[in-house]
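Data first, discussion second: the structure below is written as structure tokens.
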Amino acid sequence: MAKIILCRCEDVTLHDVEHAVAKGYDHLEEVKRYTGFGTGPCQGKECLAPVALALARLTKAAPSTIAPFTARPPIEPTPFRLLASDPAAYRFDDEEPLEPDPSGGP
Amino acid sequence: MPRRLPCPDELRGDPVEISLGDATIRAFTGESVAAALFAGGYATLSRSLKYHRPRSFFCLDGHCGGCLTRIGGVPNLRACQLRCAPGTAVHGQNAYPSPDLDVLGAVDLLFPKGMDHHSLMTGNKLMNAVANRVVRQLSGVGRLPDAIAPAAEPAELLTVDVAVIGGGPAGLAAATTAARAGARVLLLDEQAALGGSLRVDPRFGVAVADRAVAEARAAGAELRAGWTAVGCFPDDNVVVATSANALARVEAAAWVWAAGGYSVNLPVPDNDRPGVFAARAVGRLLCEHAIVAGDRICVIEDDGPRDYADALIAALTQAGALVERVAAHEVTAVRGRGWVRAVVAGKRRIDCDAIAVAAIPAPASEGPRQHGCAVTLDAAAGGFAVQTDHEGATGVAGVFACGDVCGYRGPVAAAGMGERAGAKAAAHAAIHAAIQAAIQARAR
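Line by line, the protein sequences give chains Z and D.
With this note's numbering, the residue at position 69 of the first sequence is 261, and numbering never jumps.
With this note's numbering, the residue at position 31 of the second sequence is 290, and numbering never jumps.
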């Protein structure tokens, strides 16, 4: 069965966005929370603009009145070990980075 | 079928063998894992989260999540961002028993109109508990890595006059201009090779990109490929960047955001079929890897600028592919569950073995937004475009933006805007330095 996919990470379809708007969730942040679009591995890189433009069409809002959702760091997938490698990430000078558990953890 | 064209050895690199599951695949060290898998005839790498629809390559820029797979025992790596090495071992993920033949794909057929997870089995407490357990089993993305990751290299603190984020036509022009004006310039780009959209555009290609890179380097700019700006912290005047195994804190007197745009899809039925590529991905395969994506390629267009699609179609045709174009609003179906077979537009059927979606790229405005820059949604700009004046000033002191991140304008106009923004950023950094010197002189 044909689906028009707007967010491939979370399988959010145009139908889902229409459904959200019909339920009264007609702001971008609400559509995000209701459908989950933009919350997958790509964090909205592929879907933010298409969903926002679809929302403008569905709600007849001027595109310029629609604000994007907040894009928090990290912008790209980032291993925690890289963040932990920054000395400034430690609050106290005497705090040593944790040694990895050789057993592979609990 | 994808086809490797004859090309100079230095473009393709050395022949190596990689594996996908039990299969051995011929590859080259100059190819991304994604390009090699595709050229080897392998399509489906994983399944989507909810409906378990087959997932495959789309943007080949490292932005879409389409080629997330398990490589060398590490889950969720982007196959398009890793180069082939001897013995690179790839495994599909999020599918049972395999991405090609996934029994959970039945979910897609059971819910032809989609599944509203808000009302799924929530009426009955027992069913709800069962559903929760099942859903948690089904919707995982990958298993934990086989081994503990190597320790990261020591973090760096990089202090420069002008930091440029993005090494495409706009960023390279900005870096060159700012460095020639005497600024210490650092340029970061997340791709393995610098040049951005120049590298995937048949009108320019790898050679033109390399010339622009050489020019920036000759001007004295420090250029780092394979470095991603992962976050901006304006209160600390810091951008944090990461490479494969290291982190850097970047501090600059002036910032130039030249992050370009992301390839996006167009809203046509079954637009997520394996074999649907972003047009720039087809361009990357051709220009960077000398791979023609298919024998018969259908280009789906929206009503945006046609210059890139025109150039790509000409180059694909010259490479021996049959190319047909169709407007997105006419498309009524995309056929081919495992791999695309045809595009249907009303009564017209276009048989094809690859689809290139030529949509306006969406401005990669996350970094500028974190920096406090204003953006505006505009269909003609491709999405949320950074607002600037003609010189690239964003309204935030010391923060400039140029190129497609300010709305799609193409490589030539992007480079022009990069020059202006680079000059302004260098001037801002020079004033900043003069003020700092005056403050220090007074303190003495």
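Backbone N, C-alpha and C fix where the C-beta goes; we use that ideal spot for every residue, glycine too.
Note that the coordinates shown come from a computational prediction; the quantities given were computed from them, not determined experimentally.
Could you check whether residue j and residue i sit closer than 7 Å to each other, using their CB atoms as the reference points?
i, j, result
"E678 of chain D", "A617 of chain D", "no"
"A507 of chain D", "V421 of chain D", "no"
"A390 of chain D", "A434 of chain D", "no"
"D268 of chain D", "G332 of chain D", "no"
"I589 of chain D", "A604 of chain D", "The identity of residue 589 of chain D in the sequence shown is Glu, whereas the question assumes Ile. Result yes, Cβ atoms of E589 of chain D and A604 of chain D sit closer than 7 Å."
"C323 of chain D", "C234 of chain Z", "yes"
"G553 of chain D", "P620 of chain D", "no"
"T283 of chain D", "E268 of chain Z", "no"
"P528 of chain D", "I196 of chain Z", "yes"
"G426 of chain D", "D448 of chain D", "yes"
"V523 of chain D", "E222 of chain Z", "no"
"T328 of chain D", "A338 of chain D", "yes"
"D637 of chain D", "P242 of chain Z", "no"
"F297 of chain D", "P265 of chain D", "no"
Of all the CB atoms in chain D, is at least one closer than 7 Å to the CB of residue i?
i, result
"A214 of chain Z", "no"
"R273 of chain Z", "yes"
"R225 of chain Z", "no"
"L247 of chain Z", "no"
"A253 of chain Z", "no"
"R283 of chain Z", "For R283 of chain Z, the pLDDT reaches just 49, beneath the cut-off of 50, and the residue's location in the model is therefore unreliable, leaving the point undetermined."
"C234 of chain Z", "yes"
"C201 of chain Z", "yes"
"L250 of chain Z", "no"
"T231 of chain Z", "no"
"L220 of chain Z", "no"
"E210 of chain Z", "no"
For residue i, which residues in the same chain have their Cβ closer than 6 Å to its Cβ, ignoring the five residues on either side in sequence?
i, result
"G598 of chain D", "Here residue 598 of chain D turns out to be Trp, not Gly, going by the sequence shown. Excluding positions up to five away in sequence, the list reads A302, P533, G534."
"V419 of chain D", "R443, L445, A511"
"A468 of chain D", "G454, L457, R458"
"T436 of chain D", "E678, G681, A682"
"R271 of chain D", "F287, G289"
"G490 of chain D", "V499"
"A471 of chain D", "L431"
"G299 of chain D", "I284"
Report yes or no: is there a C-beta of chain Z within less than 7 Å of the C-beta of residue i?
i, result
"C228 of chain D", "Residue numbering for chain D in the displayed model covers 260 to 703; residue 228 of chain D lies beyond these limits and cannot be assessed."
"R628 of chain D", "yes"
"Y667 of chain D", "no"
"Y310 of chain D", "yes"
"G373 of chain D", "yes"
"G319 of chain D", "Sequence inspection shows Leu at residue 319 of chain D; the Gly mentioned does not correspond to that position. Judged by the 7 Å Cβ criterion, L319 of chain D is not in contact with chain Z."
"H350 of chain D", "no"
"P526 of chain D", "yes"
"E625 of chain D", "yes"
"N496 of chain D", "no"
"V509 of chain D", "no"
"N391 of chain D", "no"
"L304 of chain D", "no"
"H322 of chain D", "yes"
"Y567 of chain D", "no"
"T501 of chain D", "yes"
"G553 of chain D", "no"
"F316 of chain D", "no"
"S307 of chain D", "yes"
If I'm right that residue i touches residue j with Cβ under 8 Å, what's the distance once you round it to whole angstroms?
i, j, result
"E625 of chain D", "A263 of chain Z", "4 Å"
"Q352 of chain D", "G321 of chain D", "Contact doesn't hold; Cβ gap of about 17 Å is too wide."
"D260 of chain Z", "L240 of chain Z", "Inspection of the sequence shows that residue 260 of chain Z is occupied by Pro rather than by Asp. Rounded, the Cβ-Cβ distance is 6 Å, consistent with contact."
"H630 of chain D", "P493 of chain D", "5 Å"
"V582 of chain D", "T591 of chain D", "About 20 Å; that fails the 8 Å criterion."
"A612 of chain D", "R555 of chain D", "It is worth fixing the name first, because residue 612 of chain D is Asp in this sequence and not Ala. Indeed they touch by this definition, with Cβ atoms about 6 Å apart."
"L545 of chain D", "A615 of chain D", "No, L545 of chain D and A615 of chain D are not in contact; Cβ-Cβ is about 10 Å, not under 8 Å."
In chain order, what residues of the same chain have a beta carbon less than 7 Å from the beta carbon of residue i, not counting five sequence neighbours either side?
i, result
"A633 of chain D", "Q646, G654"
"A452 of chain D", "R458, A484"
"P670 of chain D", "P428, S456, L457, D460, F463"
"R432 of chain D", "The question names Arg, but residue 432 of chain D in the sequence shown is Ala. Only A674, G677, E678, G681 meet the Cβ criterion."
"G641 of chain D", "G520, I619, P620, A621, P622, G666, Y667"
"A293 of chain D", "F316, L319, C326, A338, C339"
Excluding the 5 residues flanking residue i on each side, which residues of the same chain have their C-beta closer than 8 Å to its C-beta?
i, result
"R668 of chain D", "G662, M676"
"L417 of chain D", "L445, A507, R508, V509, E510"
"G280 of chain D", "V349, H350, G351, S357"
"V585 of chain D", "C557, V558, I559, E560, V602, A604, R607, I609"
"V497 of chain D", "C491, R508, V509, E510"
Does at least one heavy atom of the ligand SAM sit under 6 Å from the Cβ of residue i?
i, result
"A390 of chain D", "The ligand SAM is not part of this structure, which contains no ligands at all."
Report yes or no: do the region 241 to 250 of chain Z and the region 213 to 230 of chain Z share at least 3 C-beta pairs separated by less than 8 Å? yes
Between the region 679 to 692 of chain D and the region 549 to 563 of chain D, do at least 3 Cβ pairs fall closer than 8 Å? no
Would you call the region 650 to 667 of chain D and the region 405 to 414 of chain D touching, i.e. three or more CB-CB distances under 8 Å? With fewer than three CB-CB distances shorter than 8 Å, the region 650 to 667 of chain D does not count as touching the region 405 to 414 of chain D.
Quick check: the region 229 to 245 of chain Z against the region 200 to 210 of chain Z, are at least 3 beta-carbon pairs closer than 8 Å? yes
Inter-stretch contact (C-beta, 8 Å, three-pair minimum) for the region 494 to 507 of chain D and the region 301 to 318 of chain D: no
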